[in-house]
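Counted from 1, the sequence shown has number 113 at position 120 by this note's numbering; the numbering is strictly sequential.
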Amino acid sequence: MKQISEESPALSVVIVNYNAGALLADCVRAVLASPVDLEVFISDNGSTDESLARVREHQGKEPRLTILEHDSNLGFARGNNLAFAHTRAPYLLILNPDCIVGPDALGYLLEFMGATPDAGMAGCVIRNPDGSEQRSSRAGFRIPGSG
């Protein structure tokens, strides 16, 4: 279990990137615009596009942002695991680089988790750019031992 101190942010956000292009900078911008006390880690799997350059251009001086660069595509799981070792917050969000969080989304997420101590994880409704719901965000979830 992580040692949480008063200096720890409320939320650590990990984004695994592999050639996400402009989507990555948009994703990071939206996360950093949240009023939540957070830190952001980009775990880059050897991207060869302009995705990291765009982030550095727009958010490169942001102290809450850390970029971890890997020499090759290590995959989603390993990319996340390497970033997890650096996180300090009691809550962790795994976010894909093509997701744009709404201004209040992370606050709602933390509010829910704080009010629901038995919850080990939470998901969310994913919306298309036009605001319509992506039905795949409500896929069935089996609880271990539930049959």
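We put the beta carbon where it would ideally sit given N, CA and C, even for glycine. Please read these numbers as outputs of a predicted model, since none were measured by experiment.
Can you tell me where the beta strand (DSSP E) with residue i in it begins and where it stops?
| i | result |
| --- | --- |
| N10 | L4 to N10 |
| L85 | Y84 to I87 |
Suppose you measure from the CA of residue i to the CA of residue j; what does that come to, to the nearest Å?
| i | j | result |
| --- | --- | --- |
| L103 | P56 | 21 angstroms |
| N73 | L67 | 10 angstroms |
| A115 | L88 | 12 angstroms |
| H51 | V118 | 28 angstroms |
| E62 | T41 | 11 angstroms |
| S27 | M106 | 17 angstroms |
| R49 | N121 | 27 angstroms |
| I8 | P90 | 6 angstroms |
| L45 | P83 | 27 angstroms |
| G124 | L86 | 22 angstroms |
| K54 | I60 | 11 angstroms |
| A112 | E43 | 38 angstroms |
| R71 | A108 | 31 angstroms |
| N98 | S65 | Note that residue 98 is Ala in the sequence shown here, rather than Asn. A98 and S65: Cα-Cα distance of roughly 32 angstroms. |
| N10 | C92 | 12 angstroms |
What are the residues that DSSP puts in a beta bridge with residue i?
| i | result |
| --- | --- |
| T59 | F34 |
| E126 | R120 |
Is residue i buried or exposed, if buried means 16 or more other CB atoms sit within 10 Å of its CB?
| i | result |
| --- | --- |
| P96 | exposed |
| D37 | buried |
| P110 | exposed |
| M(-6) | In this prediction, M(-6) scores a pLDDT of 46, lower than 50, which makes its location untrustworthy; the coordinate-derived value is nonetheless stated afterwards. Exposed is the call here. |
| Y101 | exposed |
Which stretch, first to last residue, makes up the alpha helix (DSSP H) that contains residue i?
| i | result |
| --- | --- |
| L17 | A15 to L25 |
| V48 | S44 to Q52 |
| G100 | A98 to A108 |
| A112 | No alpha helix (DSSP H) holds A112; DSSP gives it neither H nor E. |
Quick one, are the C-beta atoms of residue i and residue j less than 8 angstroms apart?
| i | j | result |
| --- | --- | --- |
| L31 | A3 | yes |
| L17 | R47 | yes |
| V24 | V94 | yes |
| S5 | R81 | yes |
| L58 | V33 | yes |
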